[in-house]
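All remarks here apply to the structure that follows.
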Amino acid sequence: MIHPTKLVQILSSLAVLGSTFTFFQYAPTTLAKHGARSNDHDHHRHLAARRSVAQAVRRRTGSKTNLIKRGADGSKCRVKGQAYTPPSVSTSTSTTSDSTTSTTSTTSITTQSTTVWSSPPPTSTVPPASSPLPTSSAASGPVVAGDWAASSGNNGQNWGGWKNQGKKFGLAWPNGNWAGSSDSNYIGNYIGSKTSWYYTWSPFSVSSGDSLGIEFVPMLWGPNQVSDWWGQQGHWPNTVKNAFFFNEPNEQSQSNIAAGASVQYWMNDYLPLRNKGIALGSAATTNAPSGVQWVMDSISACKQYGNAAADCQPDFAVCHWYSTQVSDMQNYLWNYHQTTGLKIWVTEYACQSYSNLPQCSNGDTWYLHQTMAEWMDSQDYILRYSPFGAMENLQGVNQDNALMNPWGSITDLGNWYIWNS
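Residues 1 to 421 in the UniProt record's numbering are what the sequence shown lists, from first letter to last.
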């Protein structure tokens, strides 16, 4: 686990067709070279993607995209059980470090334009910064399935693309959009007969993947990505039918926000997607005990602040899992489903020991992936899954889990997933 580096403010001024657009956004300190992949692939945790919202300008000029990503110094992990309280928010919910998760992403892309949402809709009921979060016991028992009637009419079960519809396997894809069809790391080489969807840990899609018919699932990674979230919605492909909320909010090195503090982002920035028929996934939590607790506490806090119960409820759950035993993963996913009352998207998993358990061998890794893919395909309550990961460097995760070689070509495990899983 690694702490992110400090963020710096970037001012970007663009002039097109006689009109001047000025954008202010917060961006991380590490900038990739213009039109090239960043060499900063040495961090174990997620690297949040950032870029300007002026996508149409870059398309017209034909210029390649600058990638801006957040680095991490890897100095230390927070002590397990240490509480965290966001500034100006009083809450009974604390974040807990988890030694069993991992994510990376450095993605930014332009897609076809639709109707642009230039600004958020009127604000919904959210907690004032000074209000304490009432204590929640929501995670003490399973939720009755009837309590989870989602207004989107989707419930995370609809496919938005036309390629491999009905297949659960998808790509966790942090590789950007620069690869062409002749490149080994071209997303088209990772579709086969099984890949039906992908996500980028961000609101930026991959236009080549969109044109090939796989569904894009946008993610509101955390509070610092809100401006990108609104700016990109007009550029999403029409394959978007589902979305993800915050990335590992119960983990200090990730979006790291208390459940009560997340309510304003859910209500004001995320919930409006339901009016467009998009199903809302929960935050993607780690498999620490604090993960499912965070989801339950966020729903409870949302309702306690006076919002309608239906508005506070996700349409499906999103979770991550890292360990070594197939039976542990199966039990964890079943318990997550039982506790939340929701069907599940598993958007990161790998055979990786972060404890005193022995590290997975290559044989162990293959066994976990093959067994779990077959098992998840057979479980009605598991809607989609995407292993970690389709990237050149797994950022500290056991490299035997890689679907992509360090030079960009697909691995044997990757080939197995896209053709045989």
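For glycine and all other residues, C-beta sits at the position ideal for the given N, C-alpha and C.
**Asked** Roughly how many angstroms separate the alpha carbons of isoleucine 187 and glycine 306, rounded to a whole number?
**Response** Their Cα atoms are separated by approximately 44 Å.
**Message:** So, for methionine 376: in the same chain, excluding its five sequence neighbours on each side, which residues have a beta-carbon less than 6 Å away from its beta-carbon?
**Reply:** Within the same chain, methionine 376 has close Cβ partners Ile382, Tyr385.
**Asked** Is valine 217 near asparagine 247, with beta carbons less than 8 Å apart?
**Response** Result no, Cβ atoms of valine 217 and asparagine 247 do not sit closer than 8 Å.
**Message:** For alanine 390, report the span of its alpha helix (DSSP H) as first-last.
**Reply:** From DSSP, alanine 390 is part of no alpha helix (DSSP H); its letter is neither H nor E.
**Asked** Is leucine 220 buried or exposed, if buried means 16 or more other CB atoms sit within 10 Å of its CB?
**Response** Leucine 220 sits buried, since 16 or more C-beta atoms from the chains shown fall within 10 Å of its C-beta.
**Request:** Compute the Euclidean distance between the alpha carbons of histidine 235 and threonine 340, then round it to the nearest angstrom.
**Result:** Going from the Cα of histidine 235 to the Cα of threonine 340 covers about 32 Å.
**Request:** Verify the contact flag: proline 289, CB atom, against every heavy atom of the ligand COA, threshold strictly below 7 Å.
**Result:** Although the ligand COA was asked about, the structure shown includes no ligands whatsoever.
**Request:** Output the distance between the C-alpha atoms of glutamine 370 and tryptophan 159, rounded to the nearest integer angstrom.
**Result:** C-alpha separation (whole angstroms): 23 Å.
**Request:** Would you list the one or two residues that DSSP bridges to threonine 285?
**Result:** Its beta-bridge partners are Cys319.
**Request:** Alpha carbon to alpha carbon, how far is glycine 209 from isoleucine 410? Give it in angstroms, no decimals.
**Result:** About 16 Å.
**Prompt:** Is leucine 171 closer than 8 Å to tyrosine 190 when the C-beta atoms are compared?
**Reply:** Yes, the pair counts as a contact, with Cβ atoms nearer than the cut-off.
**Prompt:** What is the rounded straight-line gap between the Cα of serine 182 and the Cα of glycine 192?
**Reply:** If you take the alpha carbons of serine 182 and glycine 192, they lie about 16 Å apart.
**Request:** Could you name the residues of the same chain whose beta carbon sits closer than 8 Å to that of asparagine 155, not counting the 5 residues immediately before and after it, in chain order?
**Result:** Taken in chain order, the residues that qualify are Ala279, Asp315, Phe316, Lys343.
**Prompt:** Among Lys167, Gly281, Met372, which has the Cα closest to the Cα of asparagine 331?
**Reply:** Selected option, being the one with the closest Cα: Met372.
**Asked** Comparing the C-beta of aspartate 400 with each C-beta of chain B, is any distance below 8 Å?
**Response** Absent here is chain B; the protein component of the structure consists of one chain.
**Item:** Cβ pair cysteine 360, asparagine 398 closer than 8 Å
**Value:** Yes; because the gap between Cβ atoms is below 8 Å, this pair is in contact.
**Message:** I'd like to confirm the pairing. Which residues does DSSP put opposite methionine 329 in its beta bridges?
**Reply:** Note: methionine 329 sits in no beta bridge, so no partner.
**Request:** Please work out which residues of its chain come closer than 7 Å, Cβ to Cβ, to methionine 404, disregarding the five sequence neighbours upstream and downstream, and give them in chain order.
**Result:** Excluding positions up to five away in sequence, the list reads Asn185, Ala390, Met391, Glu392, Ile410, Thr411, Gly414.
**Asked** Given a threshold of 16 other Cβ atoms within 10 Å of its Cβ, counted over all protein chains shown, does asparagine 175 qualify as buried or as exposed?
**Response** Label assigned to asparagine 175: buried.
**Asked** Which residue from Gly260, Gln264, Gln225 puts its Cα closest to that of glutamine 254?
**Response** Measuring from the Cα of glutamine 254, the nearest candidate turns out to be Gln225.
**Prompt:** With 16 other CB atoms within 10 Å as the buried threshold, where does aspartate 328 fall?
**Reply:** It counts as exposed.
**Request:** Tell whether a beta-carbon distance below 8 Å holds between histidine 337 and threonine 286.
**Result:** For histidine 337 and threonine 286, no; Cβs fall outside 8 Å.
**Message:** Please report the straight-line C-alpha distance between proline 132 and valine 346, rounded to a whole angstrom.
**Reply:** Confidence at proline 132 is low in this model, with a pLDDT of 35, below 50, so its placement is unreliable and no value can be given for it.
**Request:** Would you kindly work out how many angstroms separate the C-alpha atoms of cysteine 351 and aspartate 400, rounded to a whole number?
**Result:** If you draw a straight line from the Cα of cysteine 351 to the Cα of aspartate 400, it comes to about 8 Å.
**Prompt:** Given that a residue counts as buried once 16 or more other Cβ atoms are within 10 Å of its Cβ, and exposed if not, what is proline 406?
**Reply:** By the 10 Å Cβ count, proline 406 comes out exposed.
**Message:** Which runs of the alpha helix (DSSP H) at least 4 residues long sit entirely within the region 239-309? Give them in chain order.
**Reply:** Unbroken alpha helix (DSSP H) runs of no fewer than 4 residues, entirely contained in the region 239-309, are found at 289-304, following chain order.
**Prompt:** Is DSSP giving leucine 383 helix, strand or coil here?
**Reply:** Strand, per DSSP.
**Asked** Does the distance from the CB of tryptophan 419 to the CB of lysine 194 come in under 8 Å?
**Response** Yes, the pair counts as a contact, with Cβ atoms nearer than the cut-off.
**Message:** My assumption, with CB atoms under 8 Å, is that serine 227 sits in contact with serine 262. Please give the rounded CB distance.
**Reply:** Between serine 262 and serine 227 the Cβ distance is about 17 Å, and since that is not below 8 Å, they are no contact.
**First through last residue of the beta strand (DSSP E) which encompasses leucine 368** = Premise fails: leucine 368 lies in the alpha helix (DSSP H), 362-378, not in any beta strand (DSSP E).
**Request:** Check the DSSP bridge columns for isoleucine 410 and list the partner residues they point to.
**Result:** Bridge pairing for isoleucine 410: Met404 [DSSP].
**Asked** Just reading off the beta strand (DSSP E) that glycine 170 is part of, what are its end residues?
**Response** Note, glycine 170: beta strand (DSSP E), 170-172.
**Item:** Beta-carbon proximity list for threonine 365, same chain, < 7 Å, skipping 5 on both sides
**Value:** Excluding residues within five positions, the ones whose Cβ falls inside 7 Å are Cys351, Asn398, Asp400, Asn401.
**Message:** Please identify the residue among Asp380, Pro203, Gln165, Leu333 whose C-alpha is closest to the C-alpha of isoleucine 214.
**Reply:** With distances taken between Cα atoms, isoleucine 214 lies closest to Gln165.
**Prompt:** So which of Asp311, Tyr265, Met296 has the shortest CA-CA distance to asparagine 275?
**Reply:** When only C-alpha atoms are compared, the closest one is Asp311.
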